[in-house]
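Residue numbers (numbering that gives the first Met the number 0): 0 to 443.
Cβ atoms here follow ideal geometry from the backbone N, Cα and C, with glycine treated the same way.
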Amino acid sequence: MPTLTKLWAREVLDSRGRPTVEVEATTSTGVSALAIVPSGASTGRHEALELRDGDPHHYGGLGVRRAVEKVRTEIAQLLVGVDVDNQREVDERMIRCDGTPNKSRLGANAILGASLAVAHVAAAARREPLWAHLNRLYNHGNEPNETIAPSVPLPMVNMISGGLHAGRNLDFQDFLVIPVGAKSYSQALAMICECYRSLGRVLAKHGEEATLVGDEGGYGPKLKSNARAVELIIEAIEAAGLRPGSGMAIALDVASTHFYDVDTNTYRLSSDGSLARTADDMVALLSEWTEKYPIVSIEDGLAEDDWNGWEKLTRQLGGRVQLIGDDLFATNTARLTHGIEQSAANAVLIKINQIGTLSETFDALHLARANGYRAIVSARSGETEDTTIADLATATAAGQIKIGSVARSERLAKYNRLLRIEEELGTGATFAGAGALKLKSLHA
Ligand code: 2PG
Ligand code: MG
């Protein structure tokens, strides 16, 4: 069994030009592999902590030299000699050594970088694709007799960006499309690109500046309302000859934690006339939208600690819409367990850096699967050329993936990686398709 002989780290840059951690792992058989950690902008309160230097003279305080140092010293000492196939042992050693509930001592960025680099080097040492190695690891933690086969995920793709990703031009953060009519991943991607180009033309026709894009490559126009963004996307779907609803459906990431006012318990929608809405108002608004528009999925419709609001939202819409908890669950099994017990949401967004290790990410995916919650593996708004999540989503048959738009190379690197995976899986490749949404309305 190859063991880890060296772990090294360096500061590199993400898609916003901010420092992040890259980790390089080397085995006793002389194989090396790299992993780079992503970073969010609309981060939730319950995420694991990303260690930043706070030194104003180095990248305005955003440097990660302390996290890099932790990898080179403490984490390397902890992990050198370990069997690289034993991911659980690797991750547990780091969790124990960190000793905090949110990984704040070593830093979730240091820990995740090491966790991912070990998985990459283990796959490279076996000369197999990462998804194959991750699939074995994922199945290892499964109930006996249940083997999950890899499956290429259905993408949900950002078309218009708002909120913290585009200078707060709109309250809602992501207006996305899901190619529910696609029969394969490559067909899904082609449909998405058609739709994106069509939206560019629609925005130009209406006099909107279509060339400006947000952090995830979605268009970032200043529209008069959130609803206007949905209407323009429907127009683009129709103009591209893709049927709204049955061919191309709509999804939202409301990211409402970021316009929620904790003191007054209200949601402040500036672009809809500065209304202060209660959770009930938000449920009513979202419910009205799902009747009016072909919306099949809503993420963070309510704020990260508004459990009662979430329960109501789920009671009202959970039977016909995918309701995803992102800030709500933070890829954390304790929070997901709470949600399952309270019947809050029916899907979980999976972000590896919200929790900080690969093994804990598997745990969240297992828990979701065991309880019938859908899972969507997601990128962050700050990304890099690292494509781990494409392999992760396939390996665990999560069903869905959210990467951002079909612009900017940190996004395309992952879409392209999925094309290669589809080819590697060959004729046996299963595509999760619209079935991943588990909605009766799509089974017509
Ligand atoms: C989200 C993500 C990705 P961020 O809210 O789902 O779109 O954004 O990485 O900024 O948290
Ligand atoms: Mg989100």
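Query	Result
Leu68 to Ala8 span [Cα, whole Å]	Rather than Leu, the amino acid found at residue 68 in this sequence is Glu. Rounded to whole angstroms, Glu68 to Ala8 spans 8 Å at the Cα level.
Inter-residue Cα distance where the pair is Gly219 and Ala203	12 Å
Sufficient close CB pairs (3 or more, under 8 Å) joining the segment 379-392 to the segment 117-135	yes
Beta-carbon contacts of Glu298 that lie in its chain and below 6 Å, excluding the five residues immediately before and after	Asp252, Ile323 and Asp325
heavy atom of the ligand MG below 7 Å from Leu348 C-beta	yes
Status (buried if at least 16 other CB within 10 Å, exposed otherwise) for Arg95	exposed
Buried versus exposed call for Val261 [16 or more other C-beta atoms within 10 Å across all chains shown]	exposed
Among His57, Tyr137 and Ser160, nearest to Phe171 - alpha-carbon criterion	Ser160
Check: Glu215 C-beta below 7 Å from any heavy atom of the ligand 2PG	yes
Gln86: first and last residue of the uninterrupted alpha helix (DSSP H) it sits in	Gln86 to Asp97
Length of the line joining the Cα atoms of Val212 and Asp82	44 Å
Buried or exposed by the 16-neighbour rule on C-beta atoms within 10 Å, applied to Asp97	buried
Cβ neighbour criterion (16 or more within 10 Å) applied to Leu274	exposed
Inside the segment 90-178 only - beta strand (DSSP E) runs reaching at least 3 residues	153-160 and 173-177
Of the listed residues Val176, Arg314, Leu48 and Ala343, nearest to Ala250 (C-alpha basis)	Val176
Near the ligand 2PG: Gly39 beta-carbon under 7 Å from a heavy atom	yes
Contact test: Arg135 Cβ vs the ligand 2PG heavy atom, cutoff 7 Å	no
Candidates Ala226, Ala148 and Val151, of which the one nearest Leu169 by Cα	Ala226
Cutoff 8 Å; reference Leu459; Cβ partners in own chain excluding five residues on either side	A query on residue 459 cannot be resolved here, the shown segment of the chain reaching from 0 to 443 and no further.
Asp262 (DSSP reduced to helix, strand or coil)	coil
Contact belief for Cys194 with Met155 at Cβ below 8 Å, rounded distance in angstroms	Not really, about 12 Å apart at Cβ, beyond 8 Å.
Contact test: Glu325 Cβ vs the ligand 2PG heavy atom, cutoff 7 Å	Rather than Glu, the amino acid found at residue 325 in this sequence is Asp. Indeed, a heavy atom of the ligand 2PG lies less than 7 Å from the Cβ.
Test: Asp252 CB closer than 8 Å to a CB of chain C	No chain C is present in this structure, which holds just one protein chain.
Burial state of Thr426 (16 or more Cβ within 10 Å)	exposed
Under 8 Å between C-beta atoms of Ala374 and Ala397	yes
Buried/exposed call for Ala443, threshold 16 Cβ in 10 Å	Residue confidence for Ala443 is low, a pLDDT of 47 falling below 50, so the modelled location carries little weight; the figure read from the coordinates is stated next. The residue in question, Ala443, is exposed, as its Cβ has fewer than 16 Cβ neighbours within 10 Å.
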